[in-house]
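FYI, the UniProt record's numbering numbers position 47 of the sequence shown as 47, with every residue one higher than the one before it. What follows is a set of notes on a single structure, which appears directly below.
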Amino acid sequence: MQYLTDRKRAVHRGSSRSGTEHFWGQAISAVGLMVLMPLFALTFGHALGMGYEEAIAYYQHPFPAIIAALTLVISMVHFRHGVQVVIEDYSRGTTKKLMIIIATAISYTLMAGGLYAIGRIAF
């Protein structure tokens, strides 16, 4: 018969001490997306009916380019936080670490590629 203390039963089953950071990061990015998504929908929707040259000229203006860039960055940060929480909840060990690294790499790669494309158009 084993006599386990409450503390011993709780070891490796509790908080990872980063839950509030993920929560606040997710909440702040969600609020940012609540503001940016309607603006992005308006600016992107305005460019939908245009031809290629007109759309490129439209995104050379600062406002649509900045809105597109901010939406891209904040949505990828939101994606990274959300996927990391899901991975931490449902996987363990080396698999968890590799999946977090892959998800982070994907989000930063998409962010860099999108910012490069917007930068090429805007400048």
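Ideal Cβ positions, reconstructed from N, Cα and C, are used throughout, including at glycine. Bear in mind that the values here come from a model prediction, so they are computed numbers and not experimental data.
### Query
Three or more C-beta pairs closer than 8 Å, one from the stretch 31-51 and one from the stretch 66-79: is that the case here?
Taking a cut-off of 8 Å on C-beta distances, the stretch 31-51 touches the stretch 66-79, as three or more cross pairs fall below it.
### Message
Just to confirm, is the Cβ distance from phenylalanine 40 to isoleucine 67 under 7 Å?
### Response
Between phenylalanine 40 and isoleucine 67, the C-beta spacing is below 7 Å.
### Query
Between the Cα of valine 83 and the Cα atoms of Thr5, Phe63, Gly25, Gln2, which residue gives the shortest distance?
For valine 83, the nearest C-alpha among the options comes from Gly25.
### Query
From what residue to what residue does the alpha helix (DSSP H) around tyrosine 59 run?
Unbroken alpha helix (DSSP H) run through tyrosine 59: 52-59.
### Query
Where does proline 26 sit, in a helix, a strand or coil, going by DSSP?
In the sequence as presented, proline is not what sits at residue 26; that position holds glutamine. Per DSSP, reduced to three states, the secondary structure at glutamine 26 is helical.
### Task
Might you give, ordered along the chain, the residues of its own chain that have their beta carbon closer than 7 Å to the beta carbon of alanine 103, omitting 5 neighbours on each side?
In its chain, beyond the 5 residues on either side, Arg80, Val83, Gln84, Ile87 have a beta carbon closer than 7 Å to the beta carbon of alanine 103.
### Message
On the DSSP letters alone, give me the boundaries of the alpha helix (DSSP H) that tyrosine 116 sits inside.
### Response
For tyrosine 116, the enclosing alpha helix (DSSP H) covers residues 93-122.
### Message
Going by beta-carbon coordinates alone, are alanine 117 and glutamine 60 separated by less than 7 Å?
### Response
No, Cβ-Cβ distance for alanine 117 and glutamine 60 is not below 7 Å.
### Proximity winner among Met50, Gly45, Ser29, relative to threonine 71 (alpha-carbon distances)
Selected option, being the one with the closest Cα: Ser29.
### Message
Contact defined as beta carbons within less than 8 Å: I believe proline 62 pairs with threonine 43. What is the distance between those atoms, to the nearest angstrom?
### Response
Proline 62 to threonine 43, Cβ: 11 Å. No contact.
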